[in-house]
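Asks:
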Amino acid sequence: MTGDELRALRERRGEDQLGFAGWLNAALNRRYDRSRISRWESGAERIPQQVAGFIRDQTKPADQPALPAELRPVRRAVIAVANQKGGVGKTTSAVNLSYALAILGLSVLLIDSDPQANATVHLGIDPGEVETARKGLYNVLRGGGAFDSILQPVCGGVFTLAPSSIGLAAAETELVAEPDNSLVLKEKLADVRDRYDVVVIDCPPNLGLLTINALAASDLVLIPVQTEVFAGLGVPLLMETIAKIRRRSNPSLNIFGILPTMYSARLTQDQASLKEIQSHYEGRTRVLGVVPRATLFAQASGAGRPAIEADPNSTSVQAYAELAREVAAHLIARPVEARHGAA
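Counting from 7, one number per residue, gives the positions in the sequence shown under the working numbering.
1) Considering only residues of the same chain and omitting the five flanking positions on each side of Leu-115, which have a CB-CB separation below 6 Å?
2) Looking at the unbroken beta strand (DSSP E) that takes in Phe-153, where does it start and where does it end?
3) How about Ser-99 and Leu-265: are their beta carbons less than 8 Å apart?
4) Among Asp-197, Ile-261, Leu-213 and Leu-221, which one has its Cα closest to the Cα of Ile-156?
5) Taking all protein chains shown into account, do 16 or more other C-beta atoms lie within 10 angstroms of the C-beta of Asp-69, making it buried, or fewer, making it exposed?
6) Three or more beta-carbon pairs under 8 Å between the region 246–258 and the region 217–227, yes or no?
7) For the alpha helix (DSSP H) containing Ile-172, list its first residue and its last residue.
8) Straight-line CA distance for Tyr-38 to Glu-11?
9) For Asn-124, count neighbouring C-beta atoms within 10 Å of its own C-beta (all shown protein chains included) and say buried if the count is 16 or more, exposed if not.
10) Hey, would you say Lys-194 sits closer than 8 Å to Leu-147, going by beta carbons?
11) Give the secondary structure of Asp-118 by DSSP, where H, G and I count as helix, E and B as strand, and everything else as coil.
12) Between Leu-112, Leu-110 and Cys-161, which has its C-alpha nearest Ala-309's C-alpha?
13) What do you reckon, are the CB atoms on Ala-83 and Leu-337 nearer than 8 Å?
14) What do you get for Leu-143, buried or exposed, if any count of 16 or more other CB atoms within 10 angstroms of its CB means buried?
15) If Arg-40 sits next to Leu-24, beta carbons under 8 Å apart, how far is it from one beta carbon to the other, in whole angstroms?
16) Which first and last residues belong to the alpha helix (DSSP H) in which Thr-274 is found?
17) Less than 7 Å between C-beta atoms, sequence neighbours within five positions excluded: which residues of the same chain meet that for Val-342?
18) Flag this pair as yes or no: are the beta carbons of His-352 and Ser-322 separated by less than 8 Å?
19) Put Tyr-144 into one of helix, strand or coil per three-state DSSP.
20) What residue ranges within the region 161–226 form continuous alpha helix (DSSP H) runs of no fewer than 4 residues, ordered along the chain?
21) I need the DSSP call for Ala-309, collapsed to helix, strand or coil.
22) Where does Asn-31 sit, in a helix, a strand or coil, going by DSSP?
23) Quickly, what does DSSP pair Gln-232 with across the bridge? List them, please.
24) From the DSSP output, which residues share a beta bridge with Asn-260?
25) Using a Cβ-Cβ cutoff of less than 6 Å, which residues in the same chain neighbour Leu-402 once the five nearest sequence positions on both sides are dropped?
26) With DSSP as the reference, label Val-342 as helix, strand or coil.
27) Does DSSP classify Ala-349 as helix, strand or coil?
28) Along the alpha helix (DSSP H) that carries Val-101, what are the first and last residues, could you check?
29) Between Phe-60 and Ser-104, what straight-line distance do the alpha-carbon atoms span, to the nearest angstrom?
30) Asp-208: which of Arg-13, Gln-284, Val-87 and Ala-27 sits nearest, CA to CA?
31) Closest to Gly-263 by CA distance: which of Arg-290, Glu-47 and Glu-21 is it?
32) I need the straight-line Cα distance from Ser-270 to Leu-244, nearest angstrom please.
33) Hey, out of Glu-178, Arg-292, Leu-174 and Thr-274, whose CA is closest to Pro-230's CA?
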């Protein structure tokens, strides 16, 4: 546990350093004071294992129910999390959805298909080390490596990550000369696909060949859209691209839904943008429950953890818990019918 994580937990509890010390003292029968908490948070002093272990126990998602045995998925799915507009909560959604699905009892693989390696960083892995060791997605797509050579357990083994690094940027141009260049990821993924109930792909913020490969390999597309002015800008082009891929190479591809993100019910503009999104896509594809704007997401990302792991009881993360249940219910329901619009 880092000092930043400790501070974030204290702030979420709404306590100053003195009150936080009192909470620890009552639970652990210690005599910590405000100055000790300050030194832990600043990094001047290492947080004791007893304290770190106690806090981890308090933040375990023990109350998140797993799926009953009779509700195990009857089919698997690959889900691309895509939007060519950056800053819409795409990586946050991919990471937290992956964790939420995993604690329901599903086996989950998250693929970081973005050269910016945001999902890799979000889960506490150094993309520089991934690049140096050649253990990233580029090595699979262009270096002749197998997926098995790069997979890493994350969040204490809760799910698995295929990490990325800046080297993946070269794949965009190198794939141009590849025969059937939109199907490379799908072909490589076939080696490990049957091990996982769900594969989530965090796409780059563009419609280049890496995103095209992700869509060609997927069954469903989740489209995060920030609730702001011009929120849907670019989404029609993404939907047009999805329709083309459905016609040309992947007839089973469907849109799972639009996910409104960074929503604040207090802001009139956010309310208006949400209504605009809902009315625009009514009858075309479903609009899922909103993900609220919350500092918890940035704090958890900075600490290298999914927000839903860092604070599972926060109301801010419940949207991802509910989204995971919708995905699980979809996998239990009747098979996907290839059609335009939502699955």
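Glycine is no exception: its CB is placed at the ideal position from the N, C-alpha and C atoms.
All values derive from a computational prediction rather than experimental measurement.
Replies: Reading it off the structure:
1) Along the sequence shown, read from residue 1 onward, the residue named residue 115 stands at position 109. Within the same chain, Leu-115 has close Cβ partners Thr-166, Tyr-202 and Val-205.
2) If you number the sequence shown from 1, residue 153 lands on position 147. Counted as a single uninterrupted DSSP element, the stretch harbouring Phe-153 is not any beta strand (DSSP E), since DSSP gives it neither H nor E.
3) Counted from its first residue, the sequence shown places residue 99 at position 93. Counted from its first residue, the sequence shown places residue 265 at position 259. Yes, Cβ-Cβ distance for Ser-99 and Leu-265 is below 8 Å.
4) Reading the sequence shown from its first residue, position 150 is the one you call residue 156. Closest in C-alpha terms to Ile-156, from the list Asp-197, Ile-261, Leu-213 and Leu-221, comes Asp-197.
5) Position 63 of the sequence shown, counted from the start, is the residue given in the question as residue 69. Because Asp-69 carries a pLDDT of 48, less than 50, the predicted location of this residue cannot be relied on, and the following value inherits that uncertainty. Exposed, by the Cβ-count rule.
6) Yes: at least three Cβ pairs fall under 8 Å.
7) Working through the sequence shown from its first residue, we reach residue 172 at position 166. Per DSSP, Ile-172 is not a residue of any alpha helix (DSSP H), being assigned neither H nor E.
8) In the sequence shown, residue 38 corresponds to position 32, counting from 1. In the sequence shown, residue 11 corresponds to position 5, counting from 1. Computed Cα separation, rounded: 18 Å.
9) Within the sequence shown, residue 124 is the residue found at index 118, counting from 1. Around the beta carbon of Asn-124, 16 or more other beta carbons lie within 10 angstroms, which makes this residue buried.
10) By one-based count along the sequence shown, residue 194 stands at place 188. By one-based count along the sequence shown, residue 147 stands at place 141. Note that the C-beta distance between Lys-194 and Leu-147 is below 8 Å.
11) Here residue 118 refers to the residue found at position 112 when the sequence shown is read from its first residue. Asp-118 falls in the strand class under three-state DSSP.
12) One-based indexing of the sequence shown puts residue 309 at position 303. The candidate whose alpha carbon is nearest that of Ala-309 is Cys-161.
13) Within the sequence shown, residue 83 is the residue found at index 77, counting from 1. Within the sequence shown, residue 337 is the residue found at index 331, counting from 1. Between Ala-83 and Leu-337, the C-beta spacing is below 8 Å.
14) The residue given as residue 143 occupies position 137 in the sequence shown. Only buried fits Leu-143, as 16 or more other CB atoms lie within 10 angstroms of its CB.
15) Position 34 of the sequence shown, counting from 1, holds the residue named residue 40. Position 18 of the sequence shown, counting from 1, holds the residue named residue 24. Correct: roughly 4 Å between the Cβ atoms.
16) For this step, residue 274 is matched to residue 268 along the sequence shown. Thr-274: member of the alpha helix (DSSP H) spanning 274–287, first to last residue.
17) Locating residue 342 in the sequence shown gives position 336, where the first residue counts as 1. Unreliable positioning characterises Val-342 in this predicted model, as indicated by a pLDDT of 44, which lies under 50. A coordinate reading is not provided.
18) Beyond the ends of the chain as shown, which are 7 and 349, falls residue 352; an answer cannot be given.
19) In the sequence shown, the residue the question calls residue 144 occupies position 138. Tyr-144: helix per DSSP, three-state reduction.
20) The region 161–226 contains these whole alpha helix (DSSP H) runs: 175–180, 190–195 and 215–223.
21) Reading the sequence shown from its first residue, position 303 is the one you call residue 309. Assigned with DSSP and collapsed to three states, Ala-309 falls in coil, not helix or strand.
22) Looking up residue 31 in the sequence shown gives position 25. Helix at Asn-31.
23) Here the question's residue 232 lines up with position 226 in the sequence shown. For Gln-232, which the question treats as bridged, DSSP gives the partners Thr-267.
24) Here residue 260 corresponds to residue number 254 of the sequence shown, with the count starting at 1. DSSP lists Leu-226 as the bridge partner or partners of Asn-260.
25) Residue 402 is absent from the structure shown; the chain starts at 7 and stops at 349.
26) Here residue 342 refers to the residue found at position 336 of the sequence shown. Here the model assigns Val-342 a pLDDT of 44, short of 50, so the residue's position is not dependable, and the following value carries that caveat. In this structure, DSSP gives Val-342 a state outside helix and strand, which the three-state scheme calls coil.
27) By 1-based counting over the sequence shown, the position of residue 349 is 343. With a pLDDT of 44 at Ala-349, under the threshold of 50, the modelled position of that residue is not reliable, and no figure is offered here.
28) Working through the sequence shown from its first residue, we reach residue 101 at position 95. Residue range 96–109 is occupied by the alpha helix (DSSP H) that includes Val-101.
29) Along the sequence shown, one-based indexing puts residue 60 at 54. Along the sequence shown, one-based indexing puts residue 104 at 98. Straight-line Cα distance between these residues: approximately 25 Å.
30) In the sequence shown, residue 208 corresponds to position 202, counting from 1. When only C-alpha atoms are compared, the closest one is Val-87.
31) Along the sequence shown, one-based indexing puts residue 263 at 257. Comparing alpha-carbon positions, the option among Arg-290, Glu-47 and Glu-21 lying closest to Gly-263 turns out to be Arg-290.
32) Position 264 of the sequence shown, counted from the start, is the residue given in the question as residue 270. Position 238 of the sequence shown, counted from the start, is the residue given in the question as residue 244. The straight-line gap from Cα to Cα measures roughly 25 Å.
33) Reading the sequence shown from its first residue, position 224 is the one you call residue 230. Minimum Cα distance to Pro-230 is reached at Arg-292.
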